[in-house]
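> Numbering follows full-length UniProt numbering, in which position 106 of the sequence shown is assigned residue number 106; successive positions increment by one, without gaps.
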Amino acid sequence: MIALVIFSERFSESEWPLHEAVKIAERVTAGKLVAIPVFYRVSIEDVTMFEGKFGECFVETVVRGRGQDHPYGQFWVDSVRFIAEKIGFNSEVYSIDVEEIVKAIKRQLPYLSPAIRTLQRHFAREFLIASLVSAICCYLILH
């Protein structure tokens with residue numbers, strides 16, 4: 001499986017995407033998932049260093065939760081950095097080339113684990129790619 005993790009300025013505004021980042025990082029480490037980060041209107045440095053609007057939202061989320069002693073705080077930081085350091089896409093100019101993302105996903109498909117390849121037999125590659133592109137387009141339109 002492949003997860004496109006779309007980092008935006010407001011990604012860390014809620015605990016939900018941060019919890020998802022932890023789960024994604026765990027599955028990547030276990031070899032069950034490939035994560036491709038997409039930096040949408042946010043710099044890679046702001047995400048990895050928790051700076052700018054991304055960092056401000058993160059601090060607000062932690063403080064709103066349980067303050068600086070938030071039990072998940074360090075898991076979130078480690079997971080976001082782990083994913084953000086992967087090779088991905090950056091849209092500093094606010095446009096993401098969907099075709100390039102599709103090509104990158106196709107390049108990753110042969111390297112997936114045998115268990116995931118077994119699942120692929122049940123689903124056509126084109127269906128998976130179309131679903132991912134559809135999700136990206138919906139996200140970009142709504143945000």
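Heads up, the beta-carbon is just placed ideally off N, CA and C, and yes, glycines get one too.
Using three-state DSSP, classify residue 17 as helix, strand or coil.
Locating residue 17 in the sequence shown gives position 17, counting from the first residue. DSSP places residue 17 in helix when its eight states are reduced to three.
> Quick check: the segment 54-66 against the segment 26-37, are at least 3 beta-carbon pairs closer than 8 Å?
Too few Cβ pairs lie closer than 8 Å, so no.
> Spatial neighbours of residue 80 within its chain, please: C-beta separation below 6 Å, excluding the five flanking residues on both sides.
As a first step, residue 80 is located in the sequence shown; it is residue number 80 there, counting from the start. Excluding sequence neighbours, residue 80 sits near 21.
> If residue 84 and residue 48 are in contact, beta carbons under 8 Å, what's the gap, nearest whole angstrom?
Position 84 of the sequence shown, counted from the first residue, corresponds to residue 84. Position 48 of the sequence shown, counted from the first residue, corresponds to residue 48. Indeed they touch by this definition, with Cβ atoms about 5 Å apart.
> Would you say residue 9 and residue 41 are within 8 Å of each other, going by their C-beta atoms?
Here residue 9 refers to the residue found at position 9 when the sequence shown is read from its first residue. Here residue 41 refers to the residue found at position 41 when the sequence shown is read from its first residue. Yes, these two residues count as a Cβ contact at 8 Å.
> Got a sec, what are the start and stop residues for the beta strand (DSSP E) residue 77 sits in?
What you label residue 77 is simply residue 77 of the sequence shown in a count that begins at 1. First-last for residue 77: 73-84, but that is the alpha helix (DSSP H), not the beta strand (DSSP E).
> Exposed or buried, residue 16, counting other C-beta atoms within 10 Å across all chains shown (16 or more means buried)?
By one-based count along the sequence shown, residue 16 stands at place 16. So residue 16 ends up on the exposed side.
> Helix, strand or coil for residue 12, going by three-state DSSP, please let me know.
Indexing the sequence shown from 1 puts residue 12 at position 12. If DSSP states are grouped into helix, strand and coil, residue 12 belongs with the helices.
> Measure the alpha-carbon distance for residue 105 versus residue 72 and round it to whole angstroms.
Mapped onto the sequence shown, residue 105 falls at position 105. Mapped onto the sequence shown, residue 72 falls at position 72. Answer to the nearest angstrom: the Cα atoms are 30 Å apart.
> Look at residue 50 and residue 77 and say whether their C-beta atoms are less than 8 Å apart.
Translated into positions along the sequence shown, residue 50 becomes position 50. Translated into positions along the sequence shown, residue 77 becomes position 77. The answer is yes: Cβ separation under 8 Å.
> Helix or strand or just coil, what does DSSP make of residue 87?
Walking along the sequence shown from the start, residue 87 turns up at place 87. Three-state DSSP puts residue 87 in coil, outside helix and strand.
> Nearest by alpha-carbon distance to residue 62: which of 52, 18, 44 and 46 is it?
Stepping through the sequence shown from its first residue, residue 62 is reached at position 62. Ranking 52, 18, 44 and 46 by Cα distance to residue 62 puts 18 first.
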